[in-house]
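J.:
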Amino acid sequence: MALALDLLHLLDLVDTVMRYVVAAFTGWLILSGRMSYVKGVLRRPDPRRAGAFVVPAEAQERARELAIAGKRIEAIREIRKATGLPFDPALDIVEALRQGAVLPVEESDDRPALDETPPEGREK
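If you want the working numbering, it's the 1-based position in the sequence shown plus 38.
#1: Apply the 10 Å Cβ neighbour rule to Leu46 and answer buried if 16 or more other Cβ atoms are within range, or exposed otherwise.
#2: If you drop the 5 nearest sequence neighbours on each side, which residues of the same chain put their C-beta closer than 8 angstroms to that of Ile106?
#3: Under 8 angstroms, do Ala120 and Pro94 count as touching if we go by C-beta distance?
#4: My guess is that Asp130 and Ala88 are in contact by the Cβ rule of under 8 angstroms, so how many angstroms apart are they, rounded?
#5: Give the straight-line distance between the Cα atoms of Glu116 and Pro127, rounded to the nearest whole angstrom.
#6: Report yes if the CB atom of Arg110 is closer than 8 angstroms to the CB atom of Val132, and no otherwise.
#7: What does a CB cutoff of less than 6 angstroms around Arg82 pick up in its chain, not counting 5 residues either side in sequence?
#8: Quick check: what's the CA-CA separation for Arg118 versus Ala139?
#9: Could you check how far apart the C-beta atoms of Leu123 and Phe91 are, in whole angstroms? I think they sit under 8 angstroms.
#10: On the three-state DSSP scale, how would you describe Val143?
#11: Here's a check: name, in chain order, each residue in its chain whose Cβ is nearer than 7 angstroms to the Cβ of Leu104, leaving out the five neighbours to either side.
#12: Using the three-state DSSP reduction, which class does Arg57 fall into: helix, strand or coil?
#13: Which residues bound the alpha helix (DSSP H) around Phe125?
Shown next as structure tokens:
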């Protein structure tokens with residue numbers, strides 16, 4: 039009987055240790071950027087999903103430099119600030135840029151808006 043109780047305690051201890059190991063490994067995956075955790079789902083970054091988003095050229099270059107330098111968090115912040123995208127798509131974009139992908143560039147519209155005053159010498 040004592041041996042059975044000791045065996046049950048040992049199994050309980052092993053179960054507890056394994057839960058801590060899995061939790062620590064999952065935390066490491068999330069903090070290292072290899073996976074993200076949103077709404078109870080672990081998600082691996084996928085650069086192939088980044089092609090669906092249009093990102094300004096300046097933000098792409100800045101984020102590419104930061105990602106290559108190992109500053110992923112700052113690169114994700116740069117993309118989110120420039121595009122207003124949530125974390126997961128921004129992470130996909132940063133991974134794509136880090137791997138050298140060329141993403142669609144936002145077209146700049148240099149035409150004056152209708153409510154702007156025309157340059158001097160020209161009338162509306």
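We put the beta carbon where it would ideally sit given N, CA and C, even for glycine.
Keep in mind the model is a prediction, meaning the values are calculated, not measured.
T.: A quick look at the data gives this:
#1: exposed
#2: Arg136
#3: yes
#4: 5 angstroms
#5: 13 angstroms
#6: yes
#7: Met73
#8: 18 angstroms
#9: 7 angstroms
#10: strand
#11: Glu112, Ala113 and Glu116
#12: helix
#13: Phe125 to Arg136
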